[in-house]
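Below: the structure, in structure tokens.
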Amino acid sequence: MTTIAPPRRTLDDAVDRGLLYAHEHQLHFVSLLGATPRWGLNPTLGTSHFRGRRSLDCDTQIIGVDKAGTWEWGWASPNVTSRRRVQSEVVYRFGRARDMPVFTTPRLALSDGDARRLTVGASSIHRWWTSFAFGIDGMVLYAAVRNPALELPDPTPVTVRQTLDAGLWTTRPTDTRRAVRSYATLRQLTRQERRDRTAMRLSWKNRWQVTVHFTEDGDLLAVTGD
413 MTTIAPPRRT LDDAVDRGLL YAHEHQLHFV SLLGATPRWG LNPTLGTSHF RGRRSLDCDT
473 QIIGVDKAGT WEWGWASPNV TSRRRVQSEV VYRFGRARDM PVFTTPRLAL SDGDARRLTV
533 GASSIHRWWT SFAFGIDGMV LYAAVRNPAL ELPDPTPVTV RQTLDAGLWT TRPTDTRRAV
593 RSYATLRQLT RQERRDRTAM RLSWKNRWQV TVHFTEDGDL LAVTGD
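Residue numbers (my numbering): 413 to 638.
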């Protein structure tokens, strides 16, 4: 079985586009169910059930499988039924149409953090933003899950500041400014940037605003405002 490392530039672009929006969905998931909910996965129906602070039944799509350090895309995995790999096939078709091997190579060698990055990068394509990792029989199935309760409520200064708190990020963007710009677009926030690129003001329907401050190198420095 031949594996290759994920092509970095293509994957980094996809991760930056979806990272912070996906991160906010994960924070919302934890707020509803807790960090370690009990779960059950139905391999026939393509659904999962979570029990934590509340119970939730979710449509579930397997995006990829981590087998002992090798990532296998759901569309290529014999462990994933056709009903549960529809969204991974969306990723495959996207990659094939745009000549992006990271999404069309069946198996990829994983380094630390790669599985999460592949999951986030895929989410910027298939647009199921909440994910969960199911550990089964020595494998980890990285899945996208969907339920109306997992849709984000309207943004507030508190939720935006929490999302942009770099101390809570489990995955780092390659280009932080690009990641924040993409987040603002997906969250439907109005964005204004200083000419020197050291600050970016985000507002929502003229009701509130926060300012994201950057270092000269583009790292996130602070978030201030309402």
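Using N, Cα and C, we set each Cβ at its ideal position, and we do this for glycine too.
* Given 8 Å, three or more beta-carbon pairs between the region 444–457 and the region 604–614 -> The region 444–457 makes no contact with the region 604–614; the number of CB pairs closer than 8 Å stays below 3.
* Out of curiosity, what's the CA-to-CA distance linking THR472 and ARG607? -> Between the C-alpha atoms of THR472 and ARG607 there is a straight-line separation of about 43 Å.
* **Buried or exposed (CB count within 10 angstroms, at least 16 for buried), GLU628** => Exposed, by the Cβ-count rule.
* Between which two residues does the beta strand (DSSP E) carrying LEU520 extend? -> It spans 519–521 - the beta strand (DSSP E) in which LEU520 sits, taken as one unbroken run.
* Have a look at ARG429, ASP428, ASP425, ALA434 and flag the residue whose alpha-carbon is nearest the alpha-carbon of ALA555. => Nearest to ALA555 by alpha-carbon distance, out of ARG429, ASP428, ASP425, ALA434, is ALA434.
* Cα-Cα, which of THR597, ALA578, HIS625 is closest to ARG609? -> Of the candidates THR597, ALA578, HIS625, the one whose C-alpha sits nearest the C-alpha of ARG609 is HIS625.
* Tell me, to the nearest whole angstrom, how far the beta carbon of ARG593 is from that of ARG603; I am working on the premise that it is less than 8 Å. => With a Cβ gap of about 7 Å, ARG593 and ARG603 count as contacting.
* Whose C-alpha, out of LEU632, SER536, PRO567, is nearest the C-alpha of TYR504? -> Ranking the options by Cα distance to TYR504, first place goes to SER536.
* To do: Return the Cβ separation of GLY464 and ARG496 in integer angstroms, given the expectation that the two are a contact with Cβ distance under 8 Å.
  => Rounded, the Cβ-Cβ distance is 22 Å, inconsistent with contact.
* To do: Starting from the Cα of CYS470, find the closest Cα among ASN454, THR482, VAL532 and give me that residue.
  => Scanning ASN454, THR482, VAL532 for the CA closest to the CA of CYS470 turns up ASN454.
* Do HIS639 and TRP541 have their C-beta atoms within less than 8 Å of each other? -> The question about residue 639 has no answer here: the residues shown for the chain are numbered 413 through 638.
* List the whole-angstrom C-beta distance separating GLY637 from PRO569, where the pair is believed to meet the contact cut-off of C-beta under 8 Å. => Contact between GLY637 and PRO569 is confirmed by a C-beta separation of about 6 Å, below the 8 Å threshold.
* Find out if the Cβ-Cβ distance for the pair GLY525, ASP587 is shorter than 8 Å. => Their beta carbons are not under 8 Å apart, which means GLY525 does not touch ASP587 by this criterion.
* CA nearest to the CA of GLY550, picked from LEU432, ASN618, ALA509, VAL477 -> Checked all of LEU432, ASN618, ALA509, VAL477; the closest Cα to GLY550 is VAL477.
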